[in-house]
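The block underneath contains the structure these notes are about, expressed in structure tokens.
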Amino acid sequence: AQRVTQPEKLLSVFKGAPVELKCNYSYSGSPELFWYVQYSRQRLQLLLRHISRESIKGFTADLNKGETSFHLKKPFAQEEDSAMYYCALRGGWDRGSTLGRLYFGRGTQLTVWP
Amino acid sequence: NAGVTQTPKFQVLKTGQSMTLQCAQDMNHEYMSWYRQDPGMGLRLIHYSVGAGITDQGEVPNGYNVSRSTTEDFPLRLLSAAPSQTSVYFCASSYSISSSSPLHFGNGTRLTVT
Numbered sequence: 001a002q003r004v005t006q007p008e009k010l011l012s013v014f015k016g017a018p019v020e021l022k023c024n025y026s027y028s029g030s031p032e033l034f035w036y037v038q039y040s041r042q043r044l045q046l047l048l049r050h051i052s053r054e055s056i057k058g059f060t061a062d063l064n065k066g067e068t069s070f071h072l073k074k075p076f077a078q079e080e081d082s083a084m085y086y087c088a089l090r091g092g093w094d095r096g097s098t099l100g101r102l103y104f105g106r107g108t109q110l111t112v113w114p
Numbered sequence: 115n116a117g118v119t120q121t122p123k124f125q126v127l128k129t130g131q132s133m134t135l136q137c138a139q140d141m142n143h144e145y146m147s148w149y150r151q152d153p154g155m156g157l158r159l160i161h162y163s164v165g166a167g168i169t170d171q172g173e174v175p176n177g178y179n180v181s182r183s184t185t186e187d188f189p190l191r192l193l194s195a196a197p198s199q200t201s202v203y204f205c206a207s208s209y210s211i212s213s214s215s216p217l218h219f220g221n222g223t224r225l226t227v228t
């Protein structure tokens with residue numbers, strides 16, 4: 001079974017502080033992992049995906065298969081980073097998977113204080 | 115290019131009433147899906163479609179019907195509304211189900227069932 005766990009429902013940091021949003025997954029194959037973000041009054045949008053190995057808005061995320069984690073990190077948080085962040089996993093065409101559907105974690109609400 | 119358009123933005127129903135949430139995309143996306151977002155539960159997949167004429171159930175399909183008569187439209191029907199269906203509903207689409215194809219979300223429909 002595929003599962004995505006975001007252990008922190010709420011996370012608060014001060015501006016300029018490092019921030020790490022945790023994501024752990026359970027998947028028997030090779031997963032595709034994503035971070036989606038929802039800013040206040042905006043639609044959910046893709047932030048980054050592990051296959052691209054990119055840095056978006058200063059955020060990075062490394063897939064650690066040994067620890068089955070895909071934590072989202074930023075060295076210096078900004079107030080505009082305040083948002084709801086969702087970790088998501090896409091399975092493959094293997095047993096138990098539903099045609100590559102996306103499984104979302106429960107989300108972490110990040111607040112960056114000035 | 116409007117992306118994914120959902121209507122209505124807000125809706126209040128009485129228990130037992132039926133209604134249809136509309137979703138349309140103008141990006142020629144093959145894959146469309148409906149999620150519901152509940153506090154502490156993240157996003158849960160209701161139904162999805164990998165192309166016109168093809169639909170399948172997601173994680174929480176009970177009480178909902180879908181159809182995909184055209185590539186552009188993917189309406190979600192509530193057959194007999196219940197208070198448990200009070201939620202925010204998101205329609206999402208992607209070009210394909212491959213991992214390189216991110217989901218594009220609509221703005222959501224906030225539904226209250228009294």
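Quick mapping for you: the protein sequence lines, in order, are chains P and L.
In terms of this note's numbering, the first sequence opens at residue 1 and continues consecutively.
In terms of this note's numbering, the second sequence opens at residue 115 and continues consecutively.
Built from N, CA and C at the ideal position, the CB exists for glycine as well.
Note that the structure is a prediction, hence the values are computed from the model and not measured.
Skipping 5 residues on each side, what residues in its chain have a beta carbon closer than 6 angstroms to that of residue i?
i	result
residue 181 of chain L	none
residue 148 of chain L	160, 161, 190 and 205
residue 3 of chain P	26
residue 106 of chain P	6
residue 95 of chain P	For residue 95 of chain P, the predicted model reports a pLDDT of 41, less than 50, meaning its position is unreliable; a value from the coordinates is still stated below. Cβ within range, chain order: n/a, list empty.
Pull the bridge partners of residue i from the DSSP assignment, please.
i	result
residue 85 of chain P	P:37 and P:108
residue 224 of chain L	L:124 and L:202
residue 207 of chain L	L:146 and L:218
residue 62 of chain P	DSSP output for residue 62 of chain P lists no bridge partner at all.
residue 14 of chain P	P:113
residue 178 of chain L	L:192
residue 27 of chain P	The partner list for residue 27 of chain P (beta bridge, DSSP) is empty, contrary to what the question assumes.
residue 72 of chain P	P:21 and P:61
Please go through the same chain and pick out, in chain order, the residues whose beta-carbon is closer than 8 angstroms to the beta-carbon of residue i, but skip the five residues on each side of it.
i	result
residue 228 of chain L	126, 127, 128, 129 and 197
residue 8 of chain P	21, 22 and 108
For residue i, which of the options has the nearest alpha-carbon?
i	options	result
residue 102 of chain P	P:49, P:43, P:81 and P:66	P:49
residue 210 of chain L	L:190, L:179 and L:166	L:166
residue 65 of chain P	P:106, P:37, P:33 and P:105	P:33
residue 202 of chain L	P:19, P:44, P:28 and P:18	P:44
residue 217 of chain L	L:157, L:194 and L:133	L:157
Beta-carbon within less than 7 angstroms of residue i's beta-carbon, same chain only, minus the 5 sequence neighbours each way: which residues are those?
i	result
residue 219 of chain L	118, 204 and 206
residue 171 of chain L	161
Which residues of chain A have a Cβ atom closer than 8 angstroms to the Cβ of residue i, listed in chain order?
i	result
residue 165 of chain L	Looking at the structure shown, chain A is missing, and the protein chains on hand are P and L.
Next item on the list: Assess, as a yes-or-no matter, whether the region 132 to 144 of chain L is touched by the region 176 to 195 of chain L under the definition of 3 or more beta carbon pairs within less than 8 angstroms.
Entry: They touch, by the three-pair rule.
Next item on the list: Would you check if there are 3 or more beta carbon pairs closer than 8 angstroms linking the region 17 to 31 of chain P to the region 51 to 70 of chain P?
Entry: yes
Next item on the list: State whether the region 5 to 19 of chain P contacts the region 102 to 112 of chain P, with contact taken as three or more CB pairs (one from each stretch) at a distance under 8 angstroms.
Entry: yes
Notebook entry, point to check: Where are the beta strand (DSSP E) runs, 3 residues long or more, that stay fully inside the region 127 to 170 of chain L, in chain order?
Noted result: Assignment of beta strand (DSSP E) within the region 127 to 170 of chain L, counting only whole runs of 3 or more residues, yields 133 to 139, 145 to 152 and 156 to 165 in chain order.
Item checked: Three or more C-beta pairs below 8 angstroms linking the region 38 to 46 of chain P and the region 134 to 141 of chain L -> no
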